[in-house]
Amino acid sequence: MVGYIIGGILILILLIIVGLILRKKIYDEVDQHESWKMDIMNRNVSSELQRVKSLNLSGETQEKFESWKSTWDQILTRDLPDIEEFLLDAEEAADRFRISAAKKNLVEVENILRTIEELIKQMFKELNDLLDSEKQSRKQIEEMQPKIKELRHSLLQNRYLYGKAEPKFESEIIGLQQLLEKYQEEVDLGNYYEAKHLVDELSDSVAHVAEKLEEFPLIYKKCKKEIPDQIKELLAGIEQMKEEGYRVEHLELDKELNNYLEQLAISVEQLENGDLYQVYDLTQGIEERLTEIYEMLEEEARAKSYIENHISSVKSSLENAIDDFKDTNEEVEQLQQTYYLEENDLELYANLEKWIHQLEKKLAQIEIDLEGETQTYVTLKDQLKSNKDDLDQLHHSHQEFKDQLQTIRKDELEAREKVSNLKQELFDINKKLQKSNLPGIPSFLWNLLDEATGKSDIVIQKLEKQPLDMGEVSHALTEAETTVEALVKQSNALIEQAYLVEQVIQYANRYRSKYPLLATQLQEAERKFRNFEYELALDTATKALEEIEPGALNRLKEFMEVPV
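Each residue of the sequence shown is one higher than the one before, counting from 37 in our numbering.
Put into structure tokens, the structure is as follows:
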């Protein structure tokens, strides 16, 4: 029982402590909000609002000032006293430990204070915007007033540059002056925001009129004189080109240029009514087109000159190519009686013939078009240049074909010379073998000699064949050269081996009496030598000698000279 009592007492004490802490916190928040309220009350809002009195307190400005003053009075007379009541209620609730009610009052106080802060911030912003707007507008007006005067002065001094459009520009400048006066009226009425809109409008209008005054004389001069003069000069030039035979009639430039003259006449009227920018786009387009026409006519003149300077030479070159091809044709017919021409050679020859016929037709058509005047010189120049380039390429290809024909004859002569050299080599190697004083020649070497001789004879037969097929000749010649080369190589090796066997045996004879085994081996080597087995004989004699005197073979080779 005592435990329950003590527990209850402890809980009660704990609740009292928590309540005191929460109440202390409420008191602190009340003090903070009280300080915030006093800070607002002590702000120099009224003195700040008095700054607006430097402006004309009428119209929009008067309305704004009254609105701000009313808002501040409401804050002082209603909102702040309400805050005081809420703070007292919060303290009273805290005294009675009604923490929830106290917090509710404090939340309400904070919301009111934040709203007041936003209202003050908004008032100051609107005030500063108004003052800055007035200051900026006044500065802009001070800058624009002399500009408007300068525009009027410039128009009066240079009115001859504007023709009938001068009254229109005068009217626009008067409009600027009227906007300026309207601005002053709004300022006098205190309508500074409306005045700011007028300043912005006036600034754009001044820039617009200044730009028009600067650009108008140039465009007006172009439309009234410069471009029409260019067009008339161009029309006269076109007429002269027609008389000189240039083909410009089908381009219908006269119609196009006269249409431009009409458009320019209308543009002059538009300019005199102050319509500048549509005319600007038109003149720019006409000038670009005139440049194109000038370039077109210059190209036509250059093309005519090119044709006059090159037509004869192209015709002459084609005639020479035809004559040259006739000679080639005769040469081909002669060669076909003697030589076998490859398919690709005959195909190239046929293509050259077709090519020449095509160039003849193209040049004939160009001459027809020149007579009939159905094509511009630019078109004909491109065709003639293409023909000329094709002729150059034809000449190059034709020369390559002729060189190829010469190669066929050259290959024949070279083949005859080579087979003659092969025959001489066969004769020389046969003679060399016979003079070698060998006991005999192995059968494989005689067989190789017969094979080389036969293949050389085949080359000669191919060369005598009609028509001559150089492909077959070349193949047969390659085989013959390969066989003769092998024959020469093996013959020289055989002679060298046989001579070396004799030298080794002669050198080893000094040891024959002392070394019976050596004597037996040398007898075996001599037997193989007599049986034409020269390589085996050399191997047997060399091994026997090296066992008695190592390195003897190399020393013999150093001083040995094989007889030719």
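Just so it is clear, CB atoms sit at the ideal spot from N, CA and C, and this is done for glycine as well.
This structure is a prediction, so every number in the text was calculated from the model and none was measured.
Continuous alpha helix (DSSP H) stretch holding residue i: start and end
i: K291; result: 289-308
i: K550; result: No alpha helix (DSSP H) contains K550, which DSSP labels as neither H nor E.
i: Q266; result: 263-279
i: N483; result: 479-500
i: K579; result: 570-584
i: N528; result: 506-544
Residue nearest to residue i in terms of C-alpha spacing, selected from the options
i: V66; options: Q110, T113, D118, K139; result: K139
i: K351; options: P182, K398, I465, K183; result: K398
i: S479; options: Y570, P203, E298; result: Y570
i: L530; options: D426, K421, I465, E127; result: I465
i: N356; options: K468, D428, L384; result: D428
i: I402; options: N423, V304, E562; result: N423
i: N483; options: K501, K446, S527, R563; result: S527
i: L354; options: A400, N387, L333; result: A400
i: R174; options: A137, S239, R188, E562; result: S239
i: A451; options: D425, E500, K438, Q440; result: E500
i: I152; options: H286, E237, E247, P117; result: P117
i: K261; options: E594, R114, V304; result: V304
Through-space distance from residue j to residue i, alpha-carbon basis
i: A243; j: Q110; result: 47 Å
i: S510; j: D363; result: 28 Å
i: E121; j: K61; result: 19 Å
i: E585; j: K454; result: 48 Å
i: W391; j: K525; result: 53 Å
i: I322; j: E288; result: 16 Å
i: D12; j: Q435; result: It is not possible to answer for residue 12, since the shown part of the chain is limited to 37 through 600.
i: M159; j: K183; result: 36 Å
i: E560; j: Q460; result: 38 Å
i: S492; j: S472; result: 24 Å
i: I255; j: Q306; result: 11 Å
i: Q220; j: E208; result: 19 Å
i: T519; j: A488; result: 5 Å
i: K258; j: V315; result: 10 Å
i: L124; j: E154; result: 24 Å
i: K204; j: E308; result: 8 Å
i: S348; j: E367; result: 29 Å
i: V600; j: N380; result: Residue confidence is low: V600 scores 45 on pLDDT, short of 50, so the model does not pin down where it sits. No coordinate-derived value is stated.
i: E206; j: I302; result: 22 Å
i: L474; j: A534; result: 7 Å
i: L416; j: S341; result: 11 Å
i: I76; j: S136; result: 27 Å
i: L558; j: K467; result: 30 Å
i: I358; j: P503; result: 28 Å
Residue j beta carbon less than 9 Å from that of residue i
i: A555; j: F565; result: no
i: I404; j: L326; result: no
i: E568; j: G490; result: As written in the sequence, residue 568 is Phe, which differs from the Glu given in the question. Against a cut-off of 9 Å, the Cβ pair of G490 and F568 comes out as no contact.
i: E508; j: L458; result: no
i: I541; j: A588; result: no
i: I177; j: V235; result: yes
i: F522; j: A544; result: It should be noted that the sequence gives Ala, not Phe, for residue 522. Not a contact, by the Cβ cut-off of 9 Å.
i: M506; j: E582; result: no
i: L420; j: L395; result: no
i: I274; j: L300; result: no
i: Q181; j: K232; result: no
i: V267; j: L297; result: Note that residue 267 corresponds to Ile in the displayed sequence, not to Val. The answer is yes: Cβ separation under 9 Å.
i: L312; j: E407; result: no
i: L462; j: L481; result: no
i: Q440; j: L384; result: yes
i: I215; j: E237; result: Note on residue identity: the sequence assigns Leu, not Ile, to residue 215. Going by C-beta atoms, L215 is nearer than 9 Å to E237.
Same chain, Cβ closer than 6 Å to residue i, neighbours up to 5 away in sequence not counted
i: V414; result: E335, E336, A339
i: T149; result: Residue identity differs from the one stated: residue 149 is Leu in this sequence, not Thr. Excluding positions up to five away in sequence, the list reads W72.
i: L197; result: P253
i: I41; result: none
i: V495; result: V455, A512, L513, A516
i: Y5; result: Nothing in the structure corresponds to residue 5, since the chain is present only between 37 and 600.
i: K498; result: E508, V509, A512
i: E202; result: R195
Own chain, CB closer than 7 Å to residue i, minus 5 neighbours either side, in chain order
i: I329; result: L270, L289
i: E144; result: F122
i: K218; result: L234
i: K278; result: V284, E285
Chain-order list of residues whose beta-carbon lies under 8 Å from that of residue i (same chain, five-residue window excluded)
i: R283; result: E336, E409, Q411, T412, Y413
i: I119; result: H69, K73, V145, I148, L149
i: Y551; result: I584
i: G211; result: S241
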